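Per full-length UniProt numbering, the sequence shown starts with residue 1, numbered consecutively. For every residue, glycine included, the Cβ atom is placed at its ideal position computed from N, Cα and C. Just so we're clear, the structure is a prediction, and the values are computed from it rather than from any experiment. Data block below; observations after.
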Amino acid sequence: MPEHTREEVDVTAALRNILDSYPAGSATLREILQNTDDAGAQKQTFILDTRTFGSTSLVGSELHVCQGPAIIATNDAYFEAKDWKAITTILHSSKTQDENSTGKYGLGFRSCYHVTDNPHILSRDKLLILDPHARVEKLRGGFKLDTKRIASKDGEIEREIYSDHFATFSAVFRPDEEVYPGTAIRLPLRLPGFESKLKSTPTEVADVRKMFGDFI
1 MPEHTREEVD VTAALRNILD SYPAGSATLR EILQNTDDAG AQKQTFILDT RTFGSTSLVG
61 SELHVCQGPA IIATNDAYFE AKDWKAITTI LHSSKTQDEN STGKYGLGFR SCYHVTDNPH
121 ILSRDKLLIL DPHARVEKLR GGFKLDTKRI ASKDGEIERE IYSDHFATFS AVFRPDEEVY
181 PGTAIRLPLR LPGFESKLKS TPTEVADVRK MFGDFI
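The following block contains the structure:
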């Protein structure tokens with residue numbers, strides 16, 4: 001019987017190549033705003049959350065690097081199935097499926113990796129956490145969590161078992177809410193002292209304040 005084999009893609013290398021084509025700084029916020037416009041949303045909000053959250057109830061302890069200061073970008077449009085597909089497909093832009101879109105959650109969205117290693121996307125009843133470094137061995141590359149307090153197929157109530165992931169959205173998503181009315185993108189700042197294959201420089205709170213000022 002033939003032995004199966006296939007070409008592999010180094011995700012972090014692919015993302016580095018994309019970052020070379022997109023400027024850093026306030027341009028990242030403009031790319032997010034463009035995605036919001038493409039989604040047909042009417043409202044965009046940017047928040048700098050400087051708080052630090054607990055790290056005892058995470059899918060993997062390796063993700064404690066996501067529990068510090070972050071940029072949170074919210075809009076009032078829901079993620080559709082094609083958006084979930086686009087955001088998890090590198091080198092793909094949903095523009096090819098939608099003539100009215102300029103690339104919703106395609107290449108431009110990857111510019112967020114200038115500031116983070118792990119984008120978080122909360123929309124409707126799902127929270128997606130991307131992990132291009134595959135730090136969480138059991139769920140290499142990323143995972144989705146359910147925001148509703150209902151048991152999954154394996155009997156877990158993910159909202160409760162992995163509550164520290166949801167706590168990081170507390171600026172926009174209350175504990176008593178089970179469905180987020182729109183989309184919130186959280187970009188945990190790349191911390192100093194943690195090795196990243198995407199960028200060697202950390203993102204400080206002062207850097208984000210400058211980004212916001214330049215954007216305004």
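Measuring straight from C-alpha to C-alpha, what distance separates residue i and residue j?
i              : j                 : result
aspartate 19   : cysteine 112      : Reading off the sequence shown, one finds leucine at residue 19, where the question assumed aspartate. Cα to Cα, leucine 19 sits roughly 9 Å from cysteine 112.
aspartate 125  : threonine 5       : 36 Å
glutamine 42   : glutamate 8       : 40 Å
isoleucine 121 : aspartate 38      : 16 Å
leucine 29     : proline 2         : 48 Å
glutamate 158  : phenylalanine 53  : 18 Å
leucine 58     : serine 163        : 7 Å
isoleucine 71  : glutamate 204     : 11 Å
residue 217    : phenylalanine 169 : No answer is possible for residue 217: it lies beyond the span of the chain, which begins at 1 and ends at 216.
serine 61      : aspartate 76      : 32 Å
lysine 85      : lysine 144        : 13 Å
alanine 151    : isoleucine 87     : 26 Å
residue 254    : glycine 40        : Since the first and last residues shown for the chain are 1 and 216, residue 254 lies out of range.
glycine 213    : glutamate 195     : 28 Å
glutamate 160  : threonine 45      : 27 Å
For a test of the three-state rule: what should DSSP assign to residue i, helix, strand or coil?
i              : result
isoleucine 161 : helix
glycine 213    : helix
aspartate 146  : strand
When the distance is taken between beta carbons, is residue j closer than 8 Å to residue i?
i             : j          : result
isoleucine 90 : valine 11  : yes
proline 188   : glycine 68 : yes
Using only CA atoms, which one of the options lies nearest to residue i?
i              : options                      : result
arginine 190   : Arg16, Glu137, His114        : His114
aspartate 207  : Ala13, Gly25, Glu62, Ser21   : Gly25
methionine 211 : Ser21, Ile47, Leu15, Arg174  : Ile47
lysine 138     : Leu63, Ala167, Ile32         : Leu63
aspartate 131  : Lys197, Ser55, Asp214, Asp83 : Lys197
aspartate 117  : Pro23, Lys199, Asn17         : Lys199
threonine 74   : Pro202, Ile185, Ile216       : Ile185
serine 123     : Gln34, Thr50, Thr147         : Thr147
How about residue i: is its Cβ closer than 7 Å to a heavy atom in the ligand SAM?
i            : result
threonine 74 : By its list of ligands, the structure shown contains no ligand whatsoever, and the ligand SAM lies outside what it can speak to.
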